[in-house]
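Read through the structure below, which is laid out as C-alpha coordinates, and then see the notes.
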Amino acid sequence: MSAARILIACEFSGTVRRAFTAAGFDAWSCDLLPAEDGSNHHITGDVRDVLGEGWDLLIVAHPPCTRLCNSGVRWLTTPPPGRTHADLWRELDEGAALFSTLWNAPVPRVAVENPVMHSHAKRRITGYQPAAQSVQPWQYGDWETKRTCLWLRGLPSLVPTFGTIDAARAALNQTGQPIARVHRMPPGVGRAKERSRFFPGIAAAMAAQWGPLLAAQEAAAA
3 MSAARILIAC EFSGTVRRAF TAAGFDAWSC DLLPAEDGSN HHITGDVRDV LGEGWDLLIV
63 AHPPCTRLCN SGVRWLTTPP PGRTHADLWR ELDEGAALFS TLWNAPVPRV AVENPVMHSH
123 AKRRITGYQP AAQSVQPWQY GDWETKRTCL WLRGLPSLVP TFGTIDAARA ALNQTGQPIA
183 RVHRMPPGVG RAKERSRFFP GIAAAMAAQW GPLLAAQEAA AA
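Those letters in the sequence shown? Residues 3 to 224, by my numbering.
Structure, rendered in C-alpha coordinates:
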(Lines of atoms letter the chains of each structure in order from A and count residues from 1; the text may use other names and numbers.)
(Lines give C-alpha, C1' and ligand atoms only; values in the text may rest on other atoms or scores of the structure.)
Protein backbone atom coordinates (compact mmCIF):
# COMPACT_ATOMS: atom_id res chain seq x y z
CA MET A 1 0.00 0.00 0.00
CA SER A 2 1.13 3.55 -0.74
CA ALA A 3 2.09 5.66 2.26
CA ALA A 4 0.20 8.63 0.80
CA ARG A 5 -2.79 9.53 2.98
CA ILE A 6 -6.02 10.68 1.35
CA LEU A 7 -8.98 12.28 3.10
CA ILE A 8 -12.39 12.21 1.44
CA ALA A 9 -14.43 14.89 3.17
CA CYS A 10 -18.22 15.01 3.36
CA GLU A 11 -18.67 11.41 2.20
CA PHE A 12 -20.78 8.78 3.96
CA SER A 13 -21.16 6.43 0.97
CA GLY A 14 -17.49 5.47 0.63
CA THR A 15 -17.58 5.76 -3.17
CA VAL A 16 -14.43 7.87 -3.56
CA ARG A 17 -12.69 6.22 -0.60
CA ARG A 18 -13.13 2.76 -2.14
CA ALA A 19 -11.81 3.95 -5.51
CA PHE A 20 -8.55 5.14 -3.94
CA THR A 21 -8.31 2.11 -1.63
CA ALA A 22 -8.63 -0.17 -4.67
CA ALA A 23 -5.76 1.77 -6.26
CA GLY A 24 -3.55 1.01 -3.26
CA PHE A 25 -3.84 4.18 -1.20
CA ASP A 26 -4.50 4.80 2.48
CA ALA A 27 -7.84 6.54 1.99
CA TRP A 28 -10.24 7.71 4.68
CA SER A 29 -13.72 9.20 4.42
CA CYS A 30 -15.19 11.65 6.91
CA ASP A 31 -18.76 12.79 7.44
CA LEU A 32 -21.19 13.70 10.20
CA LEU A 33 -22.99 10.48 9.24
CA PRO A 34 -21.46 7.04 9.87
CA ALA A 35 -20.04 5.06 6.96
CA GLU A 36 -22.80 3.46 4.95
CA ASP A 37 -20.58 0.47 4.19
CA GLY A 38 -19.40 0.05 7.79
CA SER A 39 -15.75 0.67 6.89
CA ASN A 40 -13.23 1.23 9.66
CA HIS A 41 -11.54 3.76 7.36
CA HIS A 42 -14.24 6.31 8.10
CA ILE A 43 -14.21 9.18 10.59
CA THR A 44 -17.62 10.13 11.96
CA GLY A 45 -17.46 13.80 12.89
CA ASP A 46 -16.64 17.30 11.69
CA VAL A 47 -13.96 17.15 9.00
CA ARG A 48 -12.54 20.48 10.17
CA ASP A 49 -11.24 18.70 13.26
CA VAL A 50 -8.93 16.43 11.24
CA LEU A 51 -7.69 18.64 8.40
CA GLY A 52 -4.30 19.16 10.04
CA GLU A 53 -3.41 15.48 10.41
CA GLY A 54 -0.88 15.25 7.58
CA TRP A 55 -2.95 14.38 4.54
CA ASP A 56 -1.38 14.32 1.06
CA LEU A 57 -4.64 14.80 -0.82
CA LEU A 58 -8.01 16.20 0.21
CA ILE A 59 -11.07 15.47 -1.91
CA VAL A 60 -14.30 17.11 -0.82
CA ALA A 61 -16.93 14.87 -2.36
CA HIS A 62 -20.03 16.89 -1.60
CA PRO A 63 -19.92 19.73 0.94
CA PRO A 64 -23.31 21.18 1.96
CA CYS A 65 -24.23 23.34 -1.02
CA THR A 66 -27.91 24.22 -0.66
CA ARG A 67 -27.22 27.92 -0.07
CA LEU A 68 -24.13 28.13 -2.32
CA CYS A 69 -25.48 26.74 -5.56
CA ASN A 70 -26.95 28.87 -8.30
CA SER A 71 -30.12 26.78 -8.49
CA GLY A 72 -31.15 27.91 -5.00
CA VAL A 73 -30.20 31.59 -5.14
CA ARG A 74 -33.85 32.61 -5.55
CA TRP A 75 -34.57 31.64 -1.93
CA LEU A 76 -32.26 34.39 -0.70
CA THR A 77 -34.74 36.92 -2.09
CA THR A 78 -37.99 35.07 -1.46
CA PRO A 79 -37.63 32.56 1.39
CA PRO A 80 -39.75 29.40 1.29
CA PRO A 81 -42.67 29.11 3.73
CA GLY A 82 -41.56 28.93 7.33
CA ARG A 83 -38.10 30.38 6.71
CA THR A 84 -36.77 33.93 7.06
CA HIS A 85 -34.21 35.98 5.18
CA ALA A 86 -32.01 35.87 8.27
CA ASP A 87 -32.14 32.05 8.32
CA LEU A 88 -31.09 31.68 4.72
CA TRP A 89 -28.33 34.29 4.76
CA ARG A 90 -26.92 32.73 7.94
CA GLU A 91 -26.87 29.34 6.23
CA LEU A 92 -25.14 30.93 3.25
CA ASP A 93 -22.44 32.36 5.53
CA GLU A 94 -21.99 28.98 7.22
CA GLY A 95 -21.75 27.13 3.91
CA ALA A 96 -19.25 29.63 2.50
CA ALA A 97 -17.17 29.42 5.68
CA LEU A 98 -16.97 25.63 5.40
CA PHE A 99 -16.03 25.82 1.73
CA SER A 100 -13.33 28.39 2.60
CA THR A 101 -11.88 26.17 5.32
CA LEU A 102 -11.73 23.15 3.03
CA TRP A 103 -10.37 25.05 0.04
CA ASN A 104 -7.63 26.63 2.16
CA ALA A 105 -6.85 23.47 4.16
CA PRO A 106 -3.19 22.73 4.99
CA VAL A 107 -3.04 19.99 2.36
CA PRO A 108 -0.85 20.23 -0.80
CA ARG A 109 -3.48 18.90 -3.22
CA VAL A 110 -7.16 19.76 -2.90
CA ALA A 111 -10.26 19.03 -4.99
CA VAL A 112 -13.67 20.39 -4.02
CA GLU A 113 -16.84 19.30 -5.82
CA ASN A 114 -19.88 21.58 -5.91
CA PRO A 115 -22.63 22.67 -8.29
CA VAL A 116 -22.42 25.97 -10.15
CA MET A 117 -22.04 28.69 -7.52
CA HIS A 118 -23.79 32.09 -7.34
CA SER A 119 -22.00 35.42 -6.85
CA HIS A 120 -23.07 35.92 -3.22
CA ALA A 121 -21.27 32.70 -2.29
CA LYS A 122 -18.16 33.49 -4.32
CA ARG A 123 -17.69 36.81 -2.53
CA ARG A 124 -17.74 35.06 0.85
CA ILE A 125 -15.07 32.46 0.10
CA THR A 126 -11.53 33.27 1.17
CA GLY A 127 -9.09 33.03 -1.74
CA TYR A 128 -11.89 32.18 -4.14
CA GLN A 129 -10.86 31.05 -7.61
CA PRO A 130 -13.10 29.96 -10.48
CA ALA A 131 -13.74 26.25 -10.82
CA ALA A 132 -11.04 24.54 -12.86
CA GLN A 133 -13.56 22.50 -14.83
CA SER A 134 -17.08 21.14 -14.93
CA VAL A 135 -17.81 17.49 -15.60
CA GLN A 136 -20.78 15.29 -16.38
CA PRO A 137 -21.27 11.72 -15.10
CA TRP A 138 -21.81 10.38 -18.62
CA GLN A 139 -18.27 11.49 -19.53
CA TYR A 140 -16.96 8.89 -17.05
CA GLY A 141 -19.29 5.97 -17.66
CA ASP A 142 -22.40 6.75 -15.57
CA TRP A 143 -25.34 7.37 -17.92
CA GLU A 144 -26.67 10.40 -16.08
CA THR A 145 -26.59 14.16 -16.44
CA LYS A 146 -25.66 16.44 -13.53
CA ARG A 147 -23.20 19.24 -14.13
CA THR A 148 -20.59 19.22 -11.40
CA CYS A 149 -17.84 21.80 -10.93
CA LEU A 150 -14.39 20.94 -9.60
CA TRP A 151 -12.22 23.46 -7.78
CA LEU A 152 -8.65 22.16 -7.97
CA ARG A 153 -5.44 23.15 -6.19
CA GLY A 154 -2.23 21.28 -6.95
CA LEU A 155 -4.10 18.91 -9.28
CA PRO A 156 -4.65 18.76 -13.06
CA SER A 157 -8.12 18.72 -14.57
CA LEU A 158 -9.66 15.30 -15.10
CA VAL A 159 -9.54 13.91 -18.62
CA PRO A 160 -12.94 12.53 -19.69
CA THR A 161 -13.24 8.84 -20.49
CA PHE A 162 -15.61 9.77 -23.31
CA GLY A 163 -15.06 13.00 -25.21
CA THR A 164 -18.53 13.23 -26.71
CA ILE A 165 -22.00 12.14 -25.71
CA ASP A 166 -22.21 10.02 -28.89
CA ALA A 167 -19.06 8.13 -27.87
CA ALA A 168 -20.46 7.54 -24.39
CA ARG A 169 -23.82 6.42 -25.77
CA ALA A 170 -22.18 3.85 -28.04
CA ALA A 171 -19.73 2.54 -25.44
CA LEU A 172 -22.40 2.24 -22.75
CA ASN A 173 -24.96 0.73 -25.14
CA GLN A 174 -27.49 3.47 -24.39
CA THR A 175 -30.13 5.30 -26.40
CA GLY A 176 -31.58 8.78 -26.10
CA GLN A 177 -30.20 11.27 -23.61
CA PRO A 178 -28.57 10.66 -20.20
CA ILE A 179 -31.10 10.53 -17.38
CA ALA A 180 -31.49 13.42 -14.95
CA ARG A 181 -31.99 11.08 -11.98
CA VAL A 182 -30.83 13.57 -9.36
CA HIS A 183 -33.11 16.35 -10.57
CA ARG A 184 -36.13 14.03 -10.74
CA MET A 185 -35.91 12.81 -7.16
CA PRO A 186 -39.18 13.47 -5.31
CA PRO A 187 -39.19 15.55 -2.13
CA GLY A 188 -38.65 13.55 1.01
CA VAL A 189 -36.57 13.00 4.12
CA GLY A 190 -33.77 11.20 2.27
CA ARG A 191 -33.64 13.39 -0.83
CA ALA A 192 -30.63 15.49 0.21
CA LYS A 193 -28.70 12.39 1.24
CA GLU A 194 -29.37 10.64 -2.07
CA ARG A 195 -28.50 13.76 -4.08
CA SER A 196 -25.12 13.94 -2.34
CA ARG A 197 -23.97 10.53 -3.56
CA PHE A 198 -20.86 10.73 -5.71
CA PHE A 199 -20.66 9.08 -9.13
CA PRO A 200 -18.48 5.93 -9.27
CA GLY A 201 -17.09 6.75 -12.71
CA ILE A 202 -15.77 10.16 -11.65
CA ALA A 203 -14.37 8.63 -8.45
CA ALA A 204 -12.54 5.97 -10.49
CA ALA A 205 -11.11 8.65 -12.79
CA MET A 206 -9.82 10.62 -9.80
CA ALA A 207 -8.01 7.55 -8.47
CA ALA A 208 -6.64 6.57 -11.88
CA GLN A 209 -5.45 10.06 -12.85
CA TRP A 210 -4.48 11.68 -9.54
CA GLY A 211 -3.18 8.56 -7.82
CA PRO A 212 -0.02 8.38 -9.98
CA LEU A 213 0.84 11.96 -8.98
CA LEU A 214 0.97 10.88 -5.35
CA ALA A 215 2.99 7.78 -6.25
CA ALA A 216 5.49 9.91 -8.17
CA GLN A 217 5.71 12.30 -5.22
CA GLU A 218 6.51 9.37 -2.94
CA ALA A 219 9.17 8.04 -5.31
CA ALA A 220 10.85 11.44 -5.57
CA ALA A 221 10.96 11.78 -1.79
CA ALA A 222 12.44 8.29 -1.26
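Backbone N, C-alpha and C define an ideal beta-carbon position, used for all residues, glycine too.
Beta carbon of S31 nearer than 8 Å to that of R199 = no
inquiry  = Between which two residues does the beta strand (DSSP E) holding L9 run?
reply    = R7 to A11
query = Say the cut is 7 Å; is the CB of R19 nearer than that to a heavy atom of the ligand FAD?
reply = Summarising the ligand content, the structure contains no ligands, and the ligand FAD is consequently not present.
query = When you compare only the Cα positions, how much space is there between R111 and R183?
reply = 31 Å
ask   = Whole beta strand (DSSP E) runs in the stretch 21-78 with 3 or more residues, listed along the chain?
value = 28-33, 44-46 and 59-62
query = By Cβ distance, which residues of its chain are closer than 6 Å to I8, with the 5 residues on each side in sequence left out?
reply = F22, F27, A29 and L59
inquiry  = Can you tell me whether R19 is buried or exposed? The criterion is at least 16 other CB atoms within 10 Å of its CB, across all chains shown.
reply    = buried
message = Going by C-alpha to C-alpha distance, which of H87, A206, I45 and V118 sits closest to Q131?
response = V118
query = What are the residues that DSSP puts in a beta bridge with A113?
reply = I61 and L154
ask   = Any idea if V109 is buried or exposed, counting beta-carbon neighbours within 10 angstroms, 16 or more meaning buried?
value = buried
query = What distance in whole Å lies between the Cβ atoms of H122 and P94, which are believed to be in contact at a cut-off of 8 Å?
reply = It is worth fixing the name first, because residue 94 is Leu in this sequence and not Pro. About 6 Å; that satisfies the 8 Å criterion.
inquiry  = To the nearest angstrom, how far is the alpha carbon of Q219 from that of Q211?
reply    = 14 Å
key: With 16 other Cβ atoms within 10 Å as the buried cut-off, status of N42   = exposed
task = Count the other CB atoms, across all protein chains shown, that sit within 10 Å of the CB of N175; report buried if there are 16 or more and exposed otherwise.
result = exposed
inquiry  = If I measure Cβ to Cβ from S4 and keep anything under 7 Å in the same chain, skipping five residues before and after, which residues do I get?
reply    = G26, F27, D28, L216, A217 and E220
task = State the start and end residues of the unbroken alpha helix (DSSP H) segment that holds S136.
result = Careful: S136 lies outside any alpha helix (DSSP H), inside the beta strand (DSSP E) at Q135 to V137.
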